[in-house]
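What follows is a set of notes on a single structure, which appears directly below.
Protein chains: 2
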Amino acid sequence: MSLKGNAIIGQSGGPTIVINASLVGAIQAAWDIDEIDRFFGAVHGMDGVLNEDLCDLFREDPDTVEAIKLVPSAGLGTCRLKPKDKDLERAMEVFKAHDIRYFFYIGGDDSQLACHRVSELAKSSDWEMRVIGIPKTIDNNLVVTDCSPGFGSAARYAATCCQAVGRDAEAFGNLEVVEIMGRNEGWLTGATSAARPTPEAPPHLVYLPEVKVTREQLIDDVKAKYDELGYCVIAVSEGFAFEGEDRVTSSSQVDEFGHSRLGGVAQWLSDVVEEGTGVRSRHDKLGNLQRCFSATASQVDLDQAYAVGQKAVYWAVEGQTDIMVTIERENDDPYQWECGATSLMTVAGASKAVPREWINETGNDVTEEFVTYCKPLLTGRACELDTGFSSFPKFRLHRIDCKLCAYERE
Amino acid sequence: MSLKGNAIIGQSGGPTIVINASLVGAIQAAWDIDEIDRFFGAVHGMDGVLNEDLCDLFREDPDTVEAIKLVPSAGLGTCRLKPKDKDLERAMEVFKAHDIRYFFYIGGDDSQLACHRVSELAKSSDWEMRVIGIPKTIDNNLVVTDCSPGFGSAARYAATCCQAVGRDAEAFGNLEVVEIMGRNEGWLTGATSAARPTPEAPPHLVYLPEVKVTREQLIDDVKAKYDELGYCVIAVSEGFAFEGEDRVTSSSQVDEFGHSRLGGVAQWLSDVVEEGTGVRSRHDKLGNLQRCFSATASQVDLDQAYAVGQKAVYWAVEGQTDIMVTIERENDDPYQWECGATSLMTVAGASKAVPREWINETGNDVTEEFVTYCKPLLTGRACELDTGFSSFPKFRLHRIDCKLCAYERE
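From first to last, the protein sequence lines stand for chains A and B.
Position 261 (the first sequence) corresponds to 261 in my numbering; numbering is contiguous.
Every position in the second sequence, counted from 1, becomes a number in my numbering once 1000 is added.
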């Protein structure tokens, strides 16, 4: 089963707060493995593979590698590339040219699909290769795995923000709409409710894309909470839309240059609830910070991200291939987990919504099942980097000489 | 000089991360002062005064009071009320009815003006009273004082955010526009540059409302930085507009002080730079979190906020009135400061812009003078509240019986 050669790893899609922990887990695991001769980093993921933009990860300073574990966002750079057939063939050429026998790819469902296609192509090209996907997405929508590394820290930031803006909204006696990432799945939005320290704490209403509510119901919900508490925080996913209404971005709200002034769901829904209730409403969109604000990261998430990177390398060397490393839950409370594996085919291009029974009947909160599932994933504050003042450590990215001609994507 | 009676304190305008530290400083100072018989909190600031919505702060649990020092946003509630003559007369009636001889008001320049008017009216009404303003604003635009409590923590959050989204932008090789609070003054925006750990760290360009640049210059600036670094983070104040181009805000969007509710600069400017450079640009608006995200608060800011509240009480009892407590800088490095005082008239309704010489000639960064001024104010991480999971302690707000008829504002 022993396969000696070089390895390559890349990061793909939207970065997360802990995606570098997976990378560092893989690098540190590979240090002591004889089968892996050289370990290349693909700069900007699959783009780096196609362009032969590779760096030598074993030439990075070990202290820097250790420190980068706590640095948010993809240290090797990332990309949003869905490789076509020609791209995959080019990737195989690059792998062969550099004697790459191990391919690790850190990403979401699209990246796992890319991984699976690489694996299939390697088999049909008669190039012995081990291909392992490493899970990552703040959306938490990967199937089979208990959770996706990156989710817990994004959720912890979003929950912290909801608690904070709740204080601001309460001081004014206002409404506040918070927009949270998630086009089709409401895991992150639901997590802000699951993390509430008390039933009265914000957010008081959460709307997930999985269950639509009518405009009338939402306004009634807000009125009732406002009457009870004197303020109300409403958390919604960016994919929010009312039952029976297509979301319209008003063309009348443009500035003098003709640019839309609509700030997305938060601003739009804030206007809707202000008009519907007569109470002043403000709004915040948590935006890209959900992928990179490390000062409130989750320790459990960081540990899991590291473990899936480490296990990918160990298991590849042991002979496994065409799998994605998963998290398996052993127990809810105290939370116990270990790494498992699933075939890439089962996760490639698939996504997991919040189960209907984990959202309450009226569709404005999550249930106890969601809380039991979610709360452990946000446990512990991981990161003590004083990010306003300390410089983030960076890879030196020692480039490898190209062996092929330049590549033009279609 | 001894004046015995009751005291009242209120919080006004946009809350800050450390505004409760000023309140707690005042309460804890008053505990041991014989001249202050009862200490009332005005619920929702001047609104609470006018409506006689008062609570007894000496009945709050001392441990809770201590804990609230670290809780963001106004614990007594806030308001955005510019009192009219009739309102001020009503306030005097309330003060007389409750034997209030000490009035403390925590707020920005509008609130200091309200304070000054109360002080004048007390004199002309022959009601002996000590009136002291306590400075607060994330905008840092109060005159005379070295800085405004609330600024350092907002700046620290904004700087942390710029560092974080910089990682995300670098991973993609994108542009990123970050919108920071500040209608007319660029203190907060400038602070994100001042806090940079290295010259290459984000934000790479900052545009303050004090100096306008042309559309062409800004796009050239962005192109140059992008060519140098492979990504670029641009921080702008919400009041940003190009030289020679007025940005129009919808006249319907104004707050209770008549200030326009600005928004959408990030999205608009992001479109402009993407179009002008051909590089993908994304954007984030830091929004209300700048007033309430406590996990990255500044220790210096927290200490100063506490001190100005404490000194207000001490100095009022010693006989001072019609003043605002200030921060006086003794030394830059190591930063040394103490509290001072200035007449309310000098600060009322006045505002301090960033000096022209603290912004570089081309208007895209701050100078070393700004850095020397600003950096100490962001020093130290103050708050270890695990805000995603811990409940924020709250006042019990024991209400006082009303002694007057209900009041209707004009």
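Ideal Cβ positions, reconstructed from N, Cα and C, are used throughout, including at glycine.
Compute the Euclidean distance between the alpha carbons of residue i and residue j, then round it to the nearest angstrom.
{"i": "A1091(B)", "j": "A295(A)", "result": "44 Å"}
{"i": "E369(A)", "j": "W358(A)", "result": "6 Å"}
{"i": "N1020(B)", "j": "I19(A)", "result": "37 Å"}
{"i": "C1147(B)", "j": "R409(A)", "result": "54 Å"}
{"i": "H204(A)", "j": "G264(A)", "result": "21 Å"}
{"i": "A1341(B)", "j": "V1325(B)", "result": "4 Å"}
{"i": "L121(A)", "j": "D37(A)", "result": "23 Å"}
{"i": "E1330(B)", "j": "R1291(B)", "result": "27 Å"}
{"i": "Y1226(B)", "j": "E1274(B)", "result": "12 Å"}
{"i": "T277(A)", "j": "N174(A)", "result": "11 Å"}
{"i": "C1115(B)", "j": "S1343(B)", "result": "11 Å"}
{"i": "T214(A)", "j": "F242(A)", "result": "5 Å"}
{"i": "K136(A)", "j": "A155(A)", "result": "14 Å"}
{"i": "D168(A)", "j": "C162(A)", "result": "10 Å"}
{"i": "E245(A)", "j": "G239(A)", "result": "13 Å"}
{"i": "E1170(B)", "j": "C1232(B)", "result": "8 Å"}
{"i": "T192(A)", "j": "T372(A)", "result": "13 Å"}
{"i": "G1190(B)", "j": "L1289(B)", "result": "18 Å"}
{"i": "D284(A)", "j": "Y1157(B)", "result": "15 Å"}
{"i": "G1182(B)", "j": "S12(A)", "result": "36 Å"}
{"i": "I219(A)", "j": "R1059(B)", "result": "38 Å"}
{"i": "A201(A)", "j": "D1085(B)", "result": "39 Å"}
{"i": "N1006(B)", "j": "S1073(B)", "result": "25 Å"}
{"i": "H98(A)", "j": "K403(A)", "result": "8 Å"}
{"i": "T16(A)", "j": "A159(A)", "result": "16 Å"}
{"i": "I1033(B)", "j": "F1039(B)", "result": "11 Å"}
{"i": "G414(A)", "j": "W337(A)", "result": "The first residue shown for chain A is 1 and the last is 410, placing residue 414(A) beyond what the model contains."}
{"i": "D322(A)", "j": "G133(A)", "result": "8 Å"}
For the beta strand (DSSP E) containing residue i, list its first residue and its last residue.
{"i": "R135(A)", "result": "The sequence shown places Pro at residue 135(A), rather than the Arg named in the question. R130 to P135 is the extent of the beta strand (DSSP E) around P135(A)."}
{"i": "L1205(B)", "result": "L1205 to Y1207"}
{"i": "E1176(B)", "result": "L1175 to I1180"}
{"i": "S237(A)", "result": "C232 to S237"}
{"i": "A191(A)", "result": "Not the beta strand (DSSP E): A191(A) falls in the alpha helix (DSSP H), residues W187 to A194."}
{"i": "L481(A)", "result": "The structure shown does not extend to residue 481(A), since chain A is modelled only from 1 through 410, so no value can be given for it."}
{"i": "A1007(B)", "result": "G1005 to Q1011"}
{"i": "A42(A)", "result": "I36 to A42"}
{"i": "D63(A)", "result": "Note, D63(A): premise wrong, no beta strand (DSSP E); alpha helix (DSSP H) at P62 to I68."}
Excluding five sequence neighbours on each side, which residues of the same chain lie with their C-beta closer than 7 Å to the C-beta of residue i?
{"i": "D1401(B)", "result": "none"}
{"i": "V1071(B)", "result": "N1020, F1392 and P1393"}
{"i": "G186(A)", "result": "L208, P209, E210, S237 and V354"}
{"i": "N51(A)", "result": "Y407"}
{"i": "L1003(B)", "result": "E1035, R1101, E1128 and R1130"}
{"i": "L1142(B)", "result": "G1108, D1109, P1135, S1148, V1347 and K1352"}
{"i": "G1319(B)", "result": "M1001"}
{"i": "A307(A)", "result": "G25 and C339"}
Among residues of its own chain, excluding the 5 on either side of residue i, which ones have a beta-carbon nearer than 8 Å to its beta-carbon?
{"i": "H259(A)", "result": "Residue placement at H259(A) is flagged as unreliable, the pLDDT there being 42, under the threshold of 50; the coordinate-derived value follows with that caveat. Counting only Cβ-Cβ distances below 8 Å, and skipping sequence neighbours, we find nothing."}
{"i": "G1048(B)", "result": "G1010, G1041, A1042, L1054, L1076, G1077 and C1079"}
{"i": "D1271(B)", "result": "S1281"}
{"i": "R356(A)", "result": "E210 and V211"}
{"i": "T1362(B)", "result": "V1213, Q1217 and D1221"}
{"i": "D1333(B)", "result": "T1372 and P1376"}
Whose C-beta lies closer than 6 Å to the C-beta of residue i among residues of the same chain, with five residues either side of it excluded?
{"i": "G77(A)", "result": "V43 and H44"}
{"i": "L1487(B)", "result": "This structure leaves residue 1487(B) out entirely; chain B is present only between 1001 and 1410."}
{"i": "A67(A)", "result": "P393"}
{"i": "R1117(B)", "result": "L1088"}
{"i": "A348(A)", "result": "Q112, L113 and H116"}
For the alpha helix (DSSP H) containing residue i, name the first residue and the last one.
{"i": "A1341(B)", "result": "Where A1341(B) is concerned, there is no enclosing alpha helix (DSSP H), although the beta strand (DSSP E) it sits in stretches over Q1336 to S1343."}
{"i": "F151(A)", "result": "F151 to F172"}
{"i": "V272(A)", "result": "V265 to T277"}
{"i": "R215(A)", "result": "R215 to L229"}
{"i": "N20(A)", "result": "I19 to W31"}
{"i": "K1096(B)", "result": "D1085 to A1097"}
Residue i: beta carbon under 6 Å from a heavy atom of the ligand ZN?
{"i": "E89(A)", "result": "As for the ligand ZN, it is missing from this structure, which has no ligand bound."}
Three CB pairs or more closer than 8 Å across the stretch 1368 to 1379 of chain B and the stretch 1145 to 1161 of chain B: Enough Cβ pairs lie closer than 8 Å, so yes.
Length at least 4, wholly inside the stretch 99 to 131 of chain A: the alpha helix (DSSP H) runs in chain order: List check, alpha helix (DSSP H) in window: 109 to 124.
Completely contained alpha helix (DSSP H) runs for the stretch 293 to 380 of chain A, where each covers 4 or more residues: Scanning the stretch 293 to 380 of chain A for uninterrupted alpha helix (DSSP H) segments of 4 residues or longer gives 299 to 317, 344 to 347 and 368 to 374, listed from N- to C-terminal end.
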